[in-house]
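Residue numbers (my numbering), protein chains in the order written: chain B, 222 to 605; chain D, 177 to 317.
For each residue, glycine too, the CB sits at the ideal point set by N, CA and C.
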Amino acid sequence: MKRVAVIGVGLTKFGELWDVSFSQLFVEAGTAAINDAGIDGSDVDALYVGNMSGGRFIDQEHISCLIADYAGLTPIPATRVEAACASGGLAVRQGVMAILSGMHEVVVVGGVEKMTDLSTERTTQTLATASDSEWEAFMGMTFPGLYAMMARRHMHEYGTTREQLAMVAVKNHENALHNPYAQFHSRITVEQVLASPLVADPLRLLDCSPITDGAACVVLTSEERAREFTDSPVYITGSGQASSTIALHSRERVSFVDATYNAGREAYARAGREPGDVQVAEVHDAFTIGEILAIEALGLVEVGAGGRATEEGETSIGGRIPVNTSGGLKAKGHPVGATGVAQVVEVVLQLRGEAGGRQVDAEVGLTHNVGGSGGTAVVHILER
Amino acid sequence: MGMMSVPRFWRNTKARYLMVGRRCRRCGQVYFPPRNLCRRCRRRGELEEVRLSGRGEVYSFTVIRTPPVGFERSAPYVMALVKLEEGPMVTAQLADVEPERVRIGMRVRSVFRKIQEDGEAGLIYYGFKFVPVDEDDVQGE
Ligand SMILES: [Zn+2]
Numbered sequence: 222m223k224r225v226a227v228i229g230v231g232l233t234k235f236g237e238l239w240d241v242s243f244s245q246l247f248v249e250a251g252t253a254a255i256n257d258a259g260i261d262g263s264d265v266d267a268l269y270v271g272n273m274s275g276g277r278f279i280d281q282e283h284i285s286c287l288i289a290d291y292a293g294l295t296p297i298p299a300t301r302v303e304a305a306c307a308s309g310g311l312a313v314r315q316g317v318m319a320i321l322s323g324m325h326e327v328v329v330v331g332g333v334e335k336m337t338d339l340s341t342e343r344t345t346q347t348l349a350t351a352s353d354s355e356w357e358a359f360m361g362m363t364f365p366g367l368y369a370m371m372a373r374r375h376m377h378e379y380g381t382t383r384e385q386l387a388m389v390a391v392k393n394h395e396n397a398l399h400n401p402y403a404q405f406h407s408r409i410t411v412e413q414v415l416a417s418p419l420v421a422d423p424l425r426l427l428d429c430s431p432i433t434d435g436a437a438c439v440v441l442t443s444e445e446r447a448r449e450f451t452d453s454p455v456y457i458t459g460s461g462q463a464s465s466t467i468a469l470h471s472r473e474r475v476s477f478v479d480a481t482y483n484a485g486r487e488a489y490a491r492a493g494r495e496p497g498d499v500q501v502a503e504v505h506d507a508f509t510i511g512e513i514l515a516i517e518a519l520g521l522v523e524v525g526a527g528g529r530a531t532e533e534g535e536t537s538i539g540g541r542i543p544v545n546t547s548g549g550l551k552a553k554g555h556p557v558g559a560t561g562v563a564q565v566v567e568v569v570l571q572l573r574g575e576a577g578g579r580q581v582d583a584e585v586g587l588t589h590n591v592g593g594s595g596g597t598a599v600v601h602i603l604e605r
Numbered sequence: 177m178g179m180m181s182v183p184r185f186w187r188n189t190k191a192r193y194l195m196v197g198r199r200c201r202r203c204g205q206v207y208f209p210p211r212n213l214c215r216r217c218r219r220r221g222e223l224e225e226v227r228l229s230g231r232g233e234v235y236s237f238t239v240i241r242t243p244p245v246g247f248e249r250s251a252p253y254v255m256a257l258v259k260l261e262e263g264p265m266v267t268a269q270l271a272d273v274e275p276e277r278v279r280i281g282m283r284v285r286s287v288f289r290k291i292q293e294d295g296e297a298g299l300i301y302y303g304f305k306f307v308p309v310d311e312d313d314v315q316g317e
């Protein structure tokens with residue numbers, strides 16, 4: 222496909238931001254991205270916003286209009302994109318398609334979620350709406366529960382160990398120490414993960430991404446126009462998206478995420494790249510097992526070898542293929558609608574050489590965002 | 177999920193109370209939970225009702241310790257993917273078993289039980305759970 226340039230990126234601090242409202246979050250990230258791009262609000266032709274559940278988290282629908290209004294971007298077209306935790310990644314893809322179609326020339330893509338206004342029970346219930354409400358959530362299933370059953374099956378089929386799952390969390394917390402926007406700046410050990418409270422066996426509290434408020438934003442334009450604005454554009458060279466069954470129980474396998482595989486295959490083909498070309502990756506580690514499933518289905522490691530690769534440091538900074546240098550969803554935080562956009566922000570910073578203490582040497586990066594237990598997946602390839 | 181409306185629950189009672197699924201006359205695929213379109217044959221498929229035996233085995237499982245609204249009084253409870261002998265897999269609670277005794281491959285059968293309570297509306301929802309088939313696996317009194 223033709224390349225689409227990312228000319229600006231912006232983030233808010235991720236965390237429990239009780240004093241910041243939903244619209245404030247978006248405006249902060251959007252302003253940062255527009256400043257970074259060196260453009261003016263009047264240059265923006267269209268807005269896409271990834272948001273999972275404003276309706277349940279803050280009793281607010283019609284998010285696209287709210288954001289355009291508070292960001293001072295009316296009357297441009299503003300569109301909300303929703304696919305549970307993959308909302309942000311899908312919003313990026315909508316922006317890419319808007320540029321590629323020629324319909325718009327400068328597009329702002331944001332993602333935002335305000336999660337900490339609800340009780341833990343209500344948040345758990347809201348996240349479970351990303352599953353099949355009538356046949357998973359109704360039966361008492363939760364989101365950590367779904368990933369726990371995937372983890373148990375992966376351990377059964379491939380011998381993945383409890384300790385290897387913990388090592389994903391340890392690595393991502395280590396990476397987040399160098400990310401000023403991350404929710405957590407705390408080093409953890411395998412022993413601490415294994416001693417943390419069980420949430421859904423075999424997954425423990427420190428296997429799970431936290432509940433987070435935050436927003437992320439990118440500015441996209443065509444390759445032709447990019448040089449007007451910046452000398453260092455990063456290009457989105459491939460985009461892939463796939464669907465699968467909404468319920469985990471309807472899939473042939475639960476130890477392999479077919480939507481991730483299919484989205485990855487499309488993105489690699491569009492970019493003319495192979496898994497071996499990827500030098501840095503932000504993948505969907507909502508739970509530690511999620512990162513292992515992701516790197517396997519994306520072809521970054523062999524199927525079944527994700528746990529061992531993590532244990533051997535292959536996915537650490539300095540390893541063969543650094544994964545989740547930002548700290549990932551686990552330690553950077555997971556404001557669900559913002560996550561897919563924030564992943565693009567991280568890879569752009571890495572490819573520009575602006576990732577500070579977590580910088581790796583990379584020219585080709587990948588982002589991978591999942592909705593639900595794998596009902597939606599979206600993958601982007603970025604190159605400088 | 178809590179607060180499921182009465183009509184929404186009622187639409188599914190045949191499946192929830194009697195484990196009635198669908199079978200495609202064209203390709204033989206059995207669907208449970210029921211669907212009204214065969215995923216393989218799509219509009220060429222022809223679905224008929226089929227009552228399932230309720231027998232199967234545990235494909236994977238977990239113990240929910242952080243429950244959603246409506247399940248606060250049940251936690252901790254065992255949830256499983258149960259592979260039914262007719263082919264489909266279903267998500268359900270396991271009852272009458274100690275979490276430590278659950279294992280992949282354990283044989284189970286369906287029973288009719290209370291699933292959840294909606295405290296605000298005062299509704300109680302019923303449906304199927306699974307219990308161990310082998311006496312040794314059943315939790316003692
Ligand atoms: Zn059929």
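Worksheet item: Is G263 of chain D near ligand 1, going by C-beta to nearest heavy atom under 8 Å?
Response: It does not: the Cβ of G263 of chain D is nowhere closer than 8 Å to a heavy atom of ligand 1.
Item to complete: Could you give the DSSP three-state label for E317 of chain D: helix, strand or coil?
Response: Here E317 of chain D scores only 48 on pLDDT, less than 50, and its place in the model is too uncertain to base an answer on.
Discussion item. Quick check: is any heavy atom of ligand 1 less than 8 Å from the C-beta of R184 of chain D?
Written reply: R184 of chain D Cβ: outside cutoff for every heavy atom of ligand 1.
Practice prompt. Check whether the Cβ atoms of R285 of chain D and G232 of chain D sit closer than 9 Å, and answer yes or no.
Written response: Cβ atoms of R285 of chain D and G232 of chain D: closer than 9 Å.
Fill in: Complete runs of the alpha helix (DSSP H) confined to the region 441-497 of chain B [at least 4 residues]
Segments of the alpha helix (DSSP H) lying fully in the region 441-497 of chain B: 444-450 and 479-492.
Fill in: Residue burial classification, Y379 of chain B (beta-carbon count within 10 angstroms, cutoff 16)
Under this definition Y379 of chain B is a buried residue.
Worksheet entry | Alpha carbon of D261 of chain B to alpha carbon of I255 of chain B, nearest angstrom | D261 of chain B and I255 of chain B: Cα-Cα distance of roughly 7 Å.
Practice prompt. Can you grab the Cα-Cα spacing for the pair A502 of chain B / D582 of chain B, in whole Å?
Written response: In a straight line, the C-alpha of A502 of chain B is about 12 Å away from that of D582 of chain B.
Discussion item. To be precise: take each residue of the region 222-243 of chain D, compare its Cβ to all Cβ atoms of chain B, and keep it if any distance is under 8 Å. Which residues remain?
Written reply: Under the 8 Å Cβ criterion, the region 222-243 of chain D contributes Y235, S236, F237, T238, V239, I240, R241, T242 and P243.
Worksheet entry | Chain-order list of residues whose beta-carbon lies under 7 Å from that of A369 of chain B (same chain, five-residue window excluded) | Within the same chain, A369 of chain B has close Cβ partners A421, D422, P423 and L424.
Item to complete: For the alpha helix (DSSP H) holding Y379 of chain B, just list the boundary residues, first then last.
Response: Start and end: F364 to Y379.
Worksheet item: When you compare each of B:R486, B:H555, B:K551 and B:G309 to L521 of chain B by their alpha carbons, which one comes out closest?
Response: Nearest C-alpha to L521 of chain B: B:R486.
Worksheet item: In or out: V287 of chain D buried (at least 16 other Cβ within 10 Å) or exposed?
Response: By the 10 Å Cβ count, V287 of chain D comes out exposed.
Worksheet item: Between which two residues does the beta strand (DSSP E) harbouring S236 of chain D extend?
Response: Residues R231 to I240.
Worksheet entry | Nearest residue (CA-CA) to R201 of chain D, options D:G221, D:P275, D:A271 and D:I240 | The option with the nearest alpha carbon to R201 of chain D is D:G221.
Practice prompt. Determine which residues of the region 422-442 of chain B have a Cβ less than 7 Å from any Cβ of chain E, and write them out in chain order.
Written response: Among the protein chains in the structure shown, which are B and D, there is no chain E.
Item to complete: May I ask you to report which of helix, strand or coil DSSP gives P275 of chain D?
Response: Reduced to three states, the DSSP call for P275 of chain D is helix.
Worksheet item: On the premise that T363 of chain B lies in contact with A351 of chain B, defined as a C-beta separation below 8 Å, what is that separation, rounded to the nearest angstrom?
Response: Not really, about 11 Å apart at Cβ, beyond 8 Å.
Practice prompt. Under the assumption that V544 of chain B contacts V504 of chain B (Cβ atoms under 8 Å), give the Cβ distance between them as a whole number of angstroms.
Written response: The Cβ separation is near 6 Å, so the contact holds.
Worksheet item: If you measure beta-carbon to beta-carbon, which residues of the region 206-219 of chain D are closer than 7 Å to chain B?
Response: Answer in chain order: P209.
Practice prompt. Decide if P210 of chain D is buried, meaning its Cβ has at least 16 other Cβ atoms within 10 Å, or exposed.
Written response: Buried, since its Cβ has 16 or more Cβ neighbours within 10 Å.
Worksheet entry | Cutoff 9 Å: T345 of chain B Cβ touching any chain D Cβ | By this cut-off, T345 of chain B is an interface position.
Worksheet entry | Cutoff 7 Å; reference E342 of chain B; Cβ partners in own chain excluding five residues on either side | Non-local beta-carbon contacts of E342 of chain B in its own chain, meaning distances under 7 Å to residues more than five positions away in sequence, are absent.
Discussion item. Following a CB-centred definition, is R326 of chain D positioned closer than 8 Å to any heavy atom of ligand 1?
Written reply: Examination of residue 326 of chain D is not possible in this model, given that chain D is present from 177 through 317 alone.
Worksheet entry | Selection of the region 269-290 of chain D by Cβ proximity to chain B, strictly under 9 Å | Going along the region 269-290 of chain D in chain order, one finds Q269, P275 and I280 with a Cβ nearer than 9 Å to chain B.
Discussion item. Among the candidates B:R314, B:G554 and B:T442, whose CA atom is the shortest distance from the CA of T451 of chain B?
Written reply: A check of alpha carbon separations from T451 of chain B across B:R314, B:G554 and B:T442 identifies B:T442 as the nearest.
Worksheet item: Which first and last residues belong to the alpha helix (DSSP H) in which Y193 of chain D is found?
Response: Taken as a continuous stretch (DSSP letters only), the alpha helix (DSSP H) holding Y193 of chain D covers T189 to L194.
Worksheet entry | Same chain, Cβ closer than 6 Å to V478 of chain B, five either side skipped, listed in chain order | For V478 of chain B, where only same-chain residues beyond five positions count, the Cβ hits under 6 Å are L514, A518 and G595.
Worksheet entry | F247 of chain D: contacting residues in chain B (beta-carbon distance under 7 Å) | Within 7 Å Cβ-Cβ: G361.
Worksheet entry | Residues of its chain near I538 of chain B, where Cβ-Cβ distance is below 7 Å and the 5 sequence neighbours each way are ignored | N396, T546, R579 and V581, listed in sequence order.
Worksheet item: Beta carbon of R211 of chain D: closer than 8 Å to some heavy atom of ligand 1?
Response: No - ligand 1 has no heavy atom lying nearer than 8 Å to the Cβ of R211 of chain D.
Worksheet item: Going by the beta-carbon positions, is the gap between L603 of chain B and A437 of chain B smaller than 9 Å?
Response: L603 of chain B places its beta carbon 9 Å or farther from that of A437 of chain B.
Practice prompt. Run the proximity test for R202 of chain D: is its beta-carbon closer than 8 Å to any non-hydrogen atom belonging to ligand 1?
Written response: With a cut-off of 8 Å, the C-beta of R202 of chain D is classified as near ligand 1, since at least one heavy atom of the ligand falls inside that distance.
Practice prompt. Determine the closest residue to H377 of chain B out of D:R215, D:I280 and D:V314, with distance taken between C-alpha atoms.
Written response: Ranking the options by Cα distance to H377 of chain B, first place goes to D:I280.
Fill in: Distance cut-off 8 Å: V571 of chain B Cβ against heavy atoms of ligand 1
The amino acid occupying residue 571 of chain B in the given sequence is Gln; Val does not appear at that position. No, Cβ of Q571 of chain B sits at least 8 Å from all heavy atoms of ligand 1.
Worksheet entry | Listed by chain order, chain B residues near L257 of chain D by CB distance under 9 Å | Here the neighbours are M370, R374, L469, H470 and V475.
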